[in-house]
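Student: I have a structure here, written as structure tokens, and I will follow up with some questions on it.
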Amino acid sequence: MAAILSIKDLVVDFKTRAGNARVLNEISLELESGEILGIVGESGCGKSMTALSIMGLVPSPPGKITNGSISLDGEDLVQASTARMRQVRGGIISMIFQEPMTSLNPVFRVGDQIAECVLLHEDISKADAWARAVEMLTKVGIPEPEIRARAYPHELSGGMRQRVMIAMALSCRPRILIADEPTTALDVTVQAQIFDLLNDLQRETGTAIIMITHDMGAIAELADRVAVMYAGHIIESGKTEDILTNPQHPYTRGLIACVPHLEENPTEDRPYLSEIKGVVPSLTELGKGCAFAPRCPYKTPICEEERPHIEAVDKTHSVACYNVKYVVAV
Amino acid sequence: MTMTLMVARRLLHAFLLILAVLVLNFLLIHIAPGDPADVIAGEMGGATEEMLADIRKTYGLDKPVYVQLGVYLTRALQGDLGQSFFYNAPVLDLVAGRAGPTILLVATALLFAVFVGTMLGVLASHKPKGIVSGLVTVVSVIGYSAPIFWTGMMLVILFAWVYPIFPIANMYDITRGGGFFDRVVDILYHLVLPALTLGIVYLAQYARLTRASMLEILGSDYIRTARAKGVAEVKVYGHHALRNAILPVVTIAGLQFGSIISGAVLVETVFSWPGLGTLAFESILARDYPTILGILFFSSLLVIAANLITDLVYRLVDPRIRTGG
Chain A
0 MAAILSIKDL
10 VVDFKTRAGN
20 ARVLNEISLE
30 LESGEILGIV
40 GESGCGKSMT
50 ALSIMGLVPS
60 PPGKITNGSI
70 SLDGEDLVQA
80 STARMRQVRG
90 GIISMIFQEP
100 MTSLNPVFRV
110 GDQIAECVLL
120 HEDISKADAW
130 ARAVEMLTKV
140 GIPEPEIRAR
150 AYPHELSGGM
160 RQRVMIAMAL
170 SCRPRILIAD
180 EPTTALDVTV
190 QAQIFDLLND
200 LQRETGTAII
210 MITHDMGAIA
220 ELADRVAVMY
230 AGHIIESGKT
240 EDILTNPQHP
250 YTRGLIACVP
260 HLEENPTEDR
270 PYLSEIKGVV
280 PSLTELGKGC
290 AFAPRCPYKT
300 PICEEERPHI
310 EAVDKTHSVA
320 CYNVKYVVAV
Chain B
0 MTMTLMVARR
10 LLHAFLLILA
20 VLVLNFLLIH
30 IAPGDPADVI
40 AGEMGGATEE
50 MLADIRKTYG
60 LDKPVYVQLG
70 VYLTRALQGD
80 LGQSFFYNAP
90 VLDLVAGRAG
100 PTILLVATAL
110 LFAVFVGTML
120 GVLASHKPKG
130 IVSGLVTVVS
140 VIGYSAPIFW
150 TGMMLVILFA
160 WVYPIFPIAN
170 MYDITRGGGF
180 FDRVVDILYH
190 LVLPALTLGI
200 VYLAQYARLT
210 RASMLEILGS
220 DYIRTARAKG
230 VAEVKVYGHH
240 ALRNAILPVV
250 TIAGLQFGSI
260 ISGAVLVETV
270 FSWPGLGTLA
280 FESILARDYP
290 TILGILFFSS
300 LLVIAANLIT
310 DLVYRLVDPR
320 IRTGG
């Protein structure tokens, strides 16, 4: 399959009082049409910034895309005009966010908020746009969609609001949907419903999805491929099963080890929950070496000297680590 | 709560409030020093003790205060606000004749302040560190700190002496003929300076308030959502953000209605605007109790009505209150 979105060597810098923070450091990604790509990592690793860069919504100032390209079917979005980006946003690439409670405008009816998106991107009458809004609400599984379309956001629960967000995002049949931690703020049972919904809609519409999350379970369930990010770098990427069953980078291994399991005797041979020792370094104080080196149990002198580049270990699996062989052998 | 029930309850509250206002005003005026009989007698050109007693009797001033209060309340609720000592005319007629100009002045000033203030606030929020924003801040601080009569006098000096563009007194030019339309234009022409003077204080506050609330709202998640669906920046500001940013302005504007009316007294006096303010000023100097009471009563009515309207408007602009009851 051909990539519809390909990010090459993207660099995003933020000017802060403490100096220049390189929030994205030469990241490269490819999204193939119809696939679900997972991006995982801790808070502040650049997951959301990747999404905002694609949408052209990096807050500027203080942020700035200083290098690289984001190409959508060969068209570089970094160079695209404001007017063109407005067409892309919501029309070709749309996005849902982490906070369904606050992501809808409190003073407008949800139906109008969905219809607005349709009106912006399609030559369509107001009545038809409203009809589309109701149709989308039906699709995302909201009961009594005609009545709910007339509701204001505060009259809906968090799960309902996230469904409205999904309805809005998909209302113009985008080719790419970016879901930035869409379930973090929701109850576990509602989380499962939202994931199922995204999965069903993806199968039905063929929309490619970039799923940003720190929930390894969601990744295992949904994603075809995964990219792992750490401190603004992509440190490992590959097929979901390869990443989950055969992680190569010490950080990915640590991340997977941290996932708590439901077991009958959880404390039997593992008295504590696993953790990765240390903290994520400040982005203004990254040295020249590997960003994970200060926390890495496998580090060697070269790790602090020069940053490892991401290299293929097989056809679909790439890692940025000097000591892969040694790490895997352990 | 349904809308009708809400309005009914508010009306009941309003009625009780009006009663309380009547009683309080009456007592306050009677605590104040000075004998109205003296003033009335003075108007007539000196008086003997018998004449004073006679005057007191005519106006019921010889009775105990609580009897006067009872009489006053009964009459007031029947729409009779008494007879002016000074103008020798029914207070109701006096107040009714002067209410129009005051309402015109206050409403114009308020609308001007709300619209221009919000617009300036939105402009300032676009570039919070830009020139417009700085200008709005400076003008706001000056407008807010300068006393109303000072602003009024400065405007008078500027527009009557340095650049004689606008009239500085009265509501219209009696020497000018013409039809209804000419008269309306003339009134609006005379309205410019008083309304500007009265509005500028509030304009400054609303500009600051809008700027602050716009800045907060522009960083919110639903603005990011609007941008993410491809809404143009003009609409992000003017539609998605502004609809939320005006909520505090509506609240404050409603609350401030009372202070705008008291500001009107000063402005009317500076510009000889023939409204309740000048009437109040004159009747206070003349110790014309019934007229003062009538004006206080009527302005309380205005404030209460304004609060009621604010409540309703707030329900219109904020759906969360509409259903929350």
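Heads up: the protein sequence lines correspond to chains A and B, in order.
Numbering of the first sequence is given in numbering that gives the first Met the number 0, commencing with residue 0 and proceeding in unit increments.
Numbering of the second sequence is given in numbering that gives the first Met the number 0, commencing with residue 0 and proceeding in unit increments.
Positions of the beta carbon are idealized from the N, C-alpha and C atoms, including for glycine.
All of these numbers come straight from a predicted model, not from anything done at the bench.
How would you write the range of the alpha helix (DSSP H) that GLY329 of chain B sits in, first residue to last?
Tutor: The question about residue 329 of chain B has no answer, for chain B in this structure spans 0 to 324.
Student: Could you give the DSSP three-state label for LEU30 of chain A: helix, strand or coil?
Tutor: Strand at LEU30 of chain A.
Student: In whole angstroms, what is the alpha-carbon distance linking ASN245 of chain A and TYR325 of chain A?
Tutor: The straight-line gap from Cα to Cα measures roughly 14 Å.
Student: Mind the definition here: the stretch 183 to 190 of chain B touches the stretch 222 to 238 of chain B only if three or more C-beta pairs lie below 8 Å; say whether that holds.
Tutor: Because the criterion of three Cβ pairs below 8 Å is not met, the stretch 183 to 190 of chain B and the stretch 222 to 238 of chain B do not touch.
Student: Quick one: list the residues of chain B neighbouring MET48 of chain A, beta-carbon separation under 9 Å, in chain order.
Tutor: Neighbours of MET48 of chain A on chain B: none; closest Cβ ~13 Å, over 9 Å.
Student: Check whether chain B comes within 8 Å of HIS153 of chain A, counting only Cβ atoms and requiring the distance to be less than that.
Tutor: Yes, HIS153 of chain A lies at the interface with chain B (some Cβ there is under 8 Å from its Cβ).
Student: Does the stretch 262 to 276 of chain B come close enough to the stretch 51 to 60 of chain B to have 3 or more Cβ pairs within less than 8 Å?
Tutor: Not touching, per the Cβ criterion.
Student: Since LEU36 of chain A and ARG224 of chain A should fall inside the 8 Å C-beta cutoff, what is the C-beta to C-beta distance between them, to a whole number of angstroms?
Tutor: Correct: roughly 5 Å between the Cβ atoms.
Student: Please confirm if ALA31 of chain B has its CB atom under 8 Å from at least one CB of chain A.
Tutor: It does not; no Cβ of chain A falls within 8 Å.
Student: Nearest CA to the CA of GLN192 of chain A: which residue from A:ILE165, A:ALA82, A:GLY205, A:ILE53?
Tutor: The option with the nearest alpha carbon to GLN192 of chain A is A:ILE165.
Student: So, is PHE84 of chain B buried or exposed, given that buried needs 16 or more other C-beta atoms within 10 angstroms?
Tutor: By the 10 Å Cβ count, PHE84 of chain B comes out buried.
Student: Could you name the residues of the same chain whose beta carbon sits closer than 7 Å to that of GLU220 of chain A, not counting the 5 residues immediately before and after it, in chain order?
Tutor: Answer for GLU220 of chain A: PHE194, listed in chain order.
Student: Please confirm if GLY229 of chain B has its CB atom under 8 Å from at least one CB of chain A.
Tutor: Yes, GLY229 of chain B lies at the interface with chain A (some Cβ there is under 8 Å from its Cβ).
Student: What does the Cβ neighbour count give for MET2 of chain B, buried or exposed, with the cut at 16 atoms within 10 Å?
Tutor: By the neighbour-count rule (16 or more Cβ atoms within 10 Å), MET2 of chain B is not buried but exposed.
Student: My output table needs one value for SER331 of chain A: the three-state DSSP class, helix, strand or coil.
Tutor: The question about residue 331 of chain A has no answer, for chain A in this structure spans 0 to 329.
Student: At the level of alpha carbons, what is the spacing between ASP79 of chain B and ASN104 of chain A?
Tutor: For ASP79 of chain B and ASN104 of chain A, the distance between alpha carbons rounds to 51 Å.
Student: Helix or strand or just coil, what does DSSP make of GLU155 of chain B?
Tutor: According to the sequence displayed, residue 155 of chain B carries Val and not Glu. Residue state, collapsed to three classes: helix.
Student: Can you give the beta carbon distance from PRO100 of chain B to TRP272 of chain B, rounded, assuming they're within the 8 Å contact cut?
Tutor: Indeed, because the Cβ distance is near 6 Å, the residues count as touching under 8 Å.
Student: Taking 8 Å as the CB-CB cut-off, is LEU318 of chain B touching chain A?
Tutor: Reading off the sequence shown, one finds Pro at residue 318 of chain B, where the question assumed Leu. For PRO318 of chain B, the answer is yes, since a Cβ of chain A falls inside 8 Å of its Cβ.
Student: Whose Cβ in chain A lies nearer than 7 Å to the Cβ of ALA123 of chain B?
Tutor: Near ALA123 of chain B there are no residues of chain A at all, since even the closest Cβ is about 18 Å away, more than 7 Å.
Student: How would you write the range of the alpha helix (DSSP H) that ALA191 of chain A sits in, first residue to last?
Tutor: It spans 187 to 204 - the alpha helix (DSSP H) in which ALA191 of chain A sits, taken as one unbroken run.
Student: May I ask you to list, following chain order, the residues of the stretch 88 to 101 of chain A that have a beta carbon less than 8 Å from some beta carbon of chain B?
Tutor: Per Cβ criterion, the list reads ARG88, GLY89, GLY90, SER93, MET94, PHE96, GLU98, THR101.
Student: Three-state secondary structure (DSSP) at GLN82 of chain B?
Tutor: Of the three classes helix, strand and coil, the one that applies to GLN82 of chain B here is strand, per DSSP.
Student: When you compare the CB of PHE236 of chain B with every CB in chain A, is at least one pair closer than 8 Å?
Tutor: In the sequence as presented, Phe is not what sits at residue 236 of chain B; that position holds Tyr. So no, TYR236 of chain B is outside the interface.
Student: Just to confirm, is the Cβ distance from VAL249 of chain B to TYR313 of chain B under 8 Å?
Tutor: Against a cut-off of 8 Å, the Cβ pair of TYR313 of chain B and VAL249 of chain B comes out as a contact.
Student: Residues of chain B with CB under 9 Å from CYS116 of chain A, in chain order?
Tutor: Per Cβ cutoff of 9 Å: LYS228, GLY229, VAL230.
Student: Is GLY90 of chain A near PRO173 of chain A, with beta carbons less than 8 Å apart?
Tutor: Yes.
Student: Would you list the residues sitting across from TYR229 of chain A in a DSSP beta bridge?
Tutor: Beta-bridge pairing links TYR229 of chain A to A:HIS232.
Student: Figure out for me which residue from A:VAL10, A:GLY18, A:PRO259, A:GLY33 has the closest Cα to the Cα of LEU51 of chain A.
Tutor: Minimum Cα distance to LEU51 of chain A is reached at A:VAL10.
Student: Rounding to the nearest angstrom, what Cα-Cα distance links THR150 of chain B and LEU68 of chain B in this structure?
Tutor: Cα to Cα, THR150 of chain B sits roughly 40 Å from LEU68 of chain B.
Student: Let me check understanding here. Comparing Cα to Cα, which of B:LEU208, B:GLY218, B:LEU190 lies closest to VAL269 of chain B?
Tutor: It is B:LEU190.
Student: Specify the secondary structure class of THR315 of chain A as computed by DSSP and reduced to three states.
Tutor: It is coil, neither helix nor strand.
Student: Using the three-state DSSP reduction, which class does THR3 of chain B fall into: helix, strand or coil?
Tutor: THR3 of chain B falls in the helix class under three-state DSSP.
Student: Closest Cβ-Cβ distance between PRO142 of chain A and chain B: below 8 Å?
Tutor: It does not: the Cβ of PRO142 of chain A has no partner Cβ on chain B nearer than 8 Å.
Student: Establish whether the CB of ASN87 of chain B and some CB of chain A are separated by less than 8 Å.
Tutor: Chain A, which has no Cβ nearer than 8 Å to the Cβ of ASN87 of chain B, makes this no.
Student: Please say whether TYR221 of chain B and THR337 of chain A have beta carbons closer to each other than 8 Å?
Tutor: Any property of residue 337 of chain A remains undetermined from this structure, which presents chain A solely from 0 to 329.
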